[in-house]
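Numbering (the numbering used here), first residue to last: 19 to 625. Just so it is clear, CB atoms sit at the ideal spot from N, CA and C, and this is done for glycine as well. Working notes for the structure below.
Following this line, the structure appears as structure tokens:
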């Protein structure tokens, strides 16, 4: 019920009824007072007129009594006839009292005739003054009007008329009229309530519809509209609300479209984007930034992480990022222990009021670029060094020959052999560089066909058997009797085998051993080849860079062995071109094992 009276419809009805009730109360009070005054005054005037008439008529009888000696009984009889005929209409009780205060006649208890009355009003009237009052009849409890008039003539008081008239009839009439007024008020209130309800409904129904529509709009439903019932102010409000709904729908659709575009751009950006609030806490991060930093945006937001904490930078008071105009290069250690180099560009945001807002940080992983730049510089330095050494040697020997060493046959032949050796070394270097350059620009072009792997490995071991004997290194072949055929480019795999066998023999000391092992991995449908030596090995810190171009573990010894530092890089390119992979395992001063695999041929096997 309390909730019902909180509605505007019932408030309008209640206020309307209260206004009508208040008006009816004022009108009723005024009407009741005027009616009561009218009937009481009318009753009093009628009683006074009757009493005055009776007094004037009795004045003659009482005066006659003074001048004639008439019997008392006859006079009383005349007075009785007079008062009975005159006052029987309104039912008033009348007493006629002579100048001595003796009751001469009455319309009520006749036993009091001849007795002296002790009414104070009568005493006052016998002195010539009329009196009028209202009292409660002790016998009936009714309200009565008491009127006492002196009977006088020629300034002589002959007696008095004492009248008592009941006013209950008048008050009953007043009560009936008040009841009629109250009934009319109740009927008016009921009619007012009905009309007020209808009137309030015409006002509140559009308001309720607009309220429901507002809730629907708040929930994202823009399809329904407010019904228009007229062109009044409420109808105009409904039309304005429908227009607002359409404009709001258009604005939200446009905003959603822009948000989807922005989300699509952020999601597909290769650079990471991080947005912060005014206090530096992270509020947005795209997928590229999450992958780049190996974090989750939800965790950062829940932990209220700041941008300096995420990037490992000094606090904001020590290094204000909104003043950072140049990109920062930051080296970070990711959770997976991977070291990366990030280029971070900061863009401060400003509010319309001019206050400082958050920061947009664009993060780019430049680790590969930095490494490539470093490798490029190192590559140029290595190539320059590799070419300068033999060129310097050739120049020195040519100058010696020009200075006269050519005259000495034995010395000149030795100088020419050295010059030839250095020239061949430069040719190998240039050929390797040209091959890698071709791989980089055109990719590795293979001419694959079915090859007997067993035969290829035996032929490779035979090619290096004499070189192994010269280095006093044992070269063994451990392969099963039957290996499946493989689908490879034989020239490319032969180059790989030549490079691996050459390195294994060169870096294995005398009395060492090199073993070529092969096995068929049926589940993976591949043939795996391993070359194991008992050589000097490779330190663990150098293993991750061993396939880089020009990288050497022992540069002096490698150069002395005639290596260019490009063999393993070429071998990896050739193996990976077959869709395979190569890996190396080594222990310093124990030995090295290089393993690569090639896909087996499904059409059959060779023995």
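Item                                                                                                                                                                       : Value
Who are the Cβ neighbours of residue 253 in its own chain at under 7 Å, not counting the five residues just before and after it?                                           : 246 and 247
Considering Cα atoms alone, identify which of 94, 368, 307 and 545 is closest to residue 285.                                                                              : 307
For residue 54, collect the residues of the same chain with a Cβ closer than 7 Å to its Cβ; drop the 5 residues on either side in sequence, then sort them by chain order. : 192
Are the segment 64-74 and the segment 229-236 touching, with three or more C-beta to C-beta distances below 8 Å?                                                           : no
One question on the structure: do residue 35 and residue 214 come within less than 8 Å of each other, judged by their Cβ atoms?                                            : yes
Tell me which residues share the same chain as residue 627 and place their Cβ nearer than 8 Å to its Cβ, disregarding the 5 neighbours each side in the sequence.          : Residue 627 falls outside the range modelled here, since the chain spans only 19 to 625, and no answer is possible.
In whole angstroms, give me the CA-to-CA distance for residue 487 and residue 309.                                                                                         : 53 Å
Among the candidates 480, 498 and 333, whose CA atom is the shortest distance from the CA of residue 492?                                                                  : 480
Rounded C-beta distance between residue 101 and residue 80? I'm assuming under 8 Å.                                                                                        : That belief does not hold up - the Cβ atoms of residue 101 and residue 80 are roughly 13 Å apart, past 8 Å.
Do residue 556 and residue 604 count as a contact pair if the criterion is CB distance below 8 Å?                                                                          : yes
For residue 598 and residue 347, what's the separation of their Cα atoms in angstroms?                                                                                     : 36 Å
For residue 626, which of helix, strand or coil comes out of DSSP?                                                                                                         : Residue 626 is absent from the structure shown; the chain starts at 19 and stops at 625.
Is it right to say residue 591 is buried, meaning 16 or more other beta carbons lie within 10 angstroms of its own, or is it exposed?                                      : buried
Indicate whether residue 538 and residue 501 have their beta-carbon atoms separated by less than 8 Å.                                                                      : yes
If I measure Cβ to Cβ from residue 302 and keep anything under 6 Å in the same chain, skipping five residues before and after, which residues do I get?                    : 293
Around the C-beta of residue 123, are 16 or more other C-beta atoms found within 10 angstroms, so that it is buried, or is it exposed?                                     : buried
Helix, strand or coil: which one does DSSP assign to residue 580?                                                                                                          : Its pLDDT being 49, under 50, residue 580 is placed unreliably by the model, and the measurement read from it follows with that caveat. In this structure, residue 580 counts as coil in the three-state DSSP scheme.
Kindly give me the distance between the Cβ atoms of residue 111 and residue 125, rounded to whole angstroms, as I take these residues to be in contact under 8 Å.          : 5 Å
Relative to the alpha-carbon of residue 182, which residue among 589, 69, 197 and 412 has its alpha-carbon at the smallest distance?                                       : 69
Is the beta carbon of residue 175 less than 8 Å from the beta carbon of residue 169?                                                                                       : yes
Going along the chain, which residues of its own chain have a beta-carbon closer than 6 Å to the beta-carbon of residue 628, five neighbours each way excluded?            : Nothing can be reported for residue 628, as the shown portion of the chain is limited to 19 through 625.
Hey, which unbroken runs of the alpha helix (DSSP H) at 4 residues or more fall wholly within the segment 474-512?                                                         : none
To the nearest angstrom, how far is the alpha carbon of residue 519 from that of residue 497?                                                                              : 16 Å
So who's on the other strand from residue 180, going by DSSP bridges?                                                                                                      : 113 and 166
Which partner residues of residue 535 appear in the DSSP bridge assignment?                                                                                                : 496 and 548
Leaving out five residues on either side along the sequence, give the residues of the same chain with a beta carbon under 6 Å from the beta carbon of residue 365.         : 378
Taking buried to mean at least 16 other C-beta atoms within 10 Å of its own C-beta, is residue 143 buried or exposed?                                                      : buried
Between the alpha carbons of residue 33 and residue 258, how many angstroms are there, rounded?                                                                            : 29 Å
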